[in-house]
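Here the structure is laid out as structure tokens; the discussion comes afterwards.
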Amino acid sequence: MNYLSNFSAYYFTHNFIMVILVFISIFTFFILFKSFYGLKSYGSYAGASILEYMWTIIPLFIVFILLIPLFFDYKVFNEIDQNVFCVANQWYWDSDESSNLFNFLPTLLNSHFSEALIFSFLTGSTICFNLTSNDVLHSFGLNSLYTKVDCVPGVLHSLYVDFFYSGIYIVYCTELCGVNHSVMPLFIVIN
């Protein structure tokens, strides 16, 4: 299953299309309401060729406007900068060592975080996190980007994240997975 971050290009495209569709729905409801309960008779519009052309051409134009972002955003998934495979365990995150994107720092915030996984990416990069779990249900919660994906044993979920701003992002396990559930962070450093 593929999930999108709230700060991805697809998310903004989806919101743009939803605003247009809600506006069209409200406008259509208003026209229907006015035609049923309005005082004006619409008999004078019978045989108006210009009006018929307009209510054929305008919806066609709106549909083409809604299709334009799909042509440009369709290739975003193919242009990811890095694939990262993360496996959730009780009570730490694991990753493939071939990616060379992480290192283990022995001194972080305290002794509980000594096994924390740290990724480093560039600003503006698109990252695909492939997520699964080894033991129990975990959750990949990237709170600063309003993103949460469940890590289910035996199921591979993909999360596409666009990092537009530099900083340190902390991933928490937002699913209650056991005693040390609160001390399994994953740090993402964006330079």
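Position one of the sequence shown corresponds to residue 9 (the numbering used here), numbered consecutively onward.
All C-beta atoms, glycine included, are put in the ideal place defined by N, C-alpha and C.
#1: Can you list, in chain order, the residues of its chain whose CB lies under 6 angstroms from that of residue 144, leaving out five sequence neighbours each side?
#2: Pop quiz: residue 129 and residue 167 are said to be a contact at Cβ under 8 angstroms. What is the actual Cβ separation, rounded to whole angstroms?
#3: Specify the secondary structure class of residue 103 as computed by DSSP and reduced to three states.
#4: Please report the distance separating the alpha-carbon of residue 2 from that of residue 169.
#5: In or out: residue 149 buried (at least 16 other Cβ within 10 Å) or exposed?
#6: At a cut of 8 angstroms, does the stretch 21 to 29 reach the stretch 65 to 78 through at least three beta carbon pairs?
#7: If we ignore side chains and look at the alpha-carbon of each, how far apart do residue 193 and residue 94 end up?
#8: Please work out which residues of its chain come closer than 6 angstroms, Cβ to Cβ, to residue 88, disregarding the five sequence neighbours upstream and downstream, and give them in chain order.
#9: Which one of 157, 35 and 188 has the shortest CA to CA distance from residue 141?
#10: Per DSSP, what kind of secondary structure is residue 73 in: helix, strand or coil?
#11: What residues in its chain sit with their C-beta under 6 angstroms from that of residue 106, if we drop five residues either side in the sequence?
#12: Secondary structure at residue 199, three-state DSSP: helix, strand or coil?
#13: Leaving out five residues on either side along the sequence, give the residues of the same chain with a beta carbon under 7 angstroms from the beta carbon of residue 152.
#14: So for residue 174, helix, strand or coil by DSSP?
#15: Under a three-way DSSP split, which group does residue 30 fall into?
On the basis of the coordinates in this document:
#1: 185
#2: Actually they do not touch by this definition, with Cβ atoms about 14 angstroms apart.
#3: strand
#4: Residue 2 is absent from the structure shown; the chain starts at 9 and stops at 199.
#5: buried
#6: yes
#7: 12 angstroms
#8: 134 and 136
#9: 157
#10: helix
#11: Confidence in residue 106 is poor, its pLDDT being 41 and thus under 50, which makes the residue's placement too unreliable to answer from.
#12: coil
#13: 177
#14: coil
#15: helix
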